[in-house]
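Student:
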Amino acid sequence: MKWKKFRLKTLESAEDIVISALYDCGIEGAQIEDKAPLTESEKAQMFVDIAPVPETDDGIAWLDFYLDPEKDDVDGIMGKVRRALDELREFCDIGAGTLEISETEDTDWINNWKQYFKQFYIDDILVIPSWEQVKDEDRDKMILHIDPGTAFGTGMHETTQLCIR
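Mapping to numbering that gives the first Met the number 0: the sequence shown position 26 is 25, numbers consecutive.
1. Would you call Leu37 buried or exposed, if buried means 16 or more other Cβ atoms sit within 10 Å of its Cβ?
2. Report the rounded CA-to-CA distance for Gln160 versus Asp137, giving the unit in angstroms.
3. Nearest by alpha-carbon distance to Lys113: which of Ile145, Thr97 and Ile16 is it?
4. Could you tell me how far apart the beta carbons of Lys3 and Glu104 are, in whole angstroms, since I believe they sit closer than 8 Å?
5. Give the secondary structure of Thr153 by DSSP, where H, G and I count as helix, E and B as strand, and everything else as coil.
6. To the nearest angstrom, how far is the alpha carbon of Asp173 from that of Gly75?
7. Tell me the rounded alpha-carbon separation between Ala35 and Ala60.
Here is the structure:
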């Protein structure tokens, strides 16, 4: 199945009101991509990996959302979106408000990441994800089967590795 992907260019300062307008048009979820730096409060509330040299905040935000052309009235919804953006422009700055449209294949996003997670060693312990089989030549080694995506994680975090050792 193919999805229609819509990428809307707006301003960080208008993210919330534009997302609200999208919701009113029948779009139930969107991905926000911006370069806004995290506040100290946000950093304290979560574990984050921050790039050593963060990108300069340009004030631009991209809002991505998807529609299923087989189930959704794409033309009707996008007509509502365009009217909503025009109405927003009358009383606030939403930036460019332009839309890029593309198609993307439906993918098993839940399991797709598994192709990149391979077995690895922690000292002399072989860590193998639950969906891989132990090779014959590795049967005499100490093996830890791990199921990334559940409570224990991938086994690659320093704290987890210290516990395993």
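Beta carbons: idealized from backbone N, C-alpha and C, even for Gly.
Tutor: The answer reads as follows:
1. On the sequence shown, position 38 is the one that residue 37 refers to. When all chains shown are included, Leu37 counts as exposed.
2. In the sequence shown, the residue the question calls residue 160 occupies position 161. In the sequence shown, the residue the question calls residue 137 occupies position 138. Going from the Cα of Gln160 to the Cα of Asp137 covers about 20 Å.
3. Here residue 113 refers to the residue found at position 114 of the sequence shown. Shortest Cα-Cα distance from Lys113 to any of Ile145, Thr97 and Ile16 involves Ile145.
4. Residue mapping note: residue 3 aligns to position 4 of the sequence shown, counting from 1. Residue mapping note: residue 104 aligns to position 105 of the sequence shown, counting from 1. About 12 Å separates the two Cβ atoms, so there is no contact after all.
5. On the sequence shown, position 154 is the one that residue 153 refers to. In the structure shown, Thr153 sits in coil (DSSP, three-state: anything other than H, G, I, E or B).
6. Given a span of 0 to 164 for the chain in the structure shown, any question on residue 173 remains unanswerable.
7. Against the sequence shown, residue 35 aligns to sequence position 36. Against the sequence shown, residue 60 aligns to sequence position 61. CA-to-CA, the gap between Ala35 and Ala60 works out to about 9 Å.
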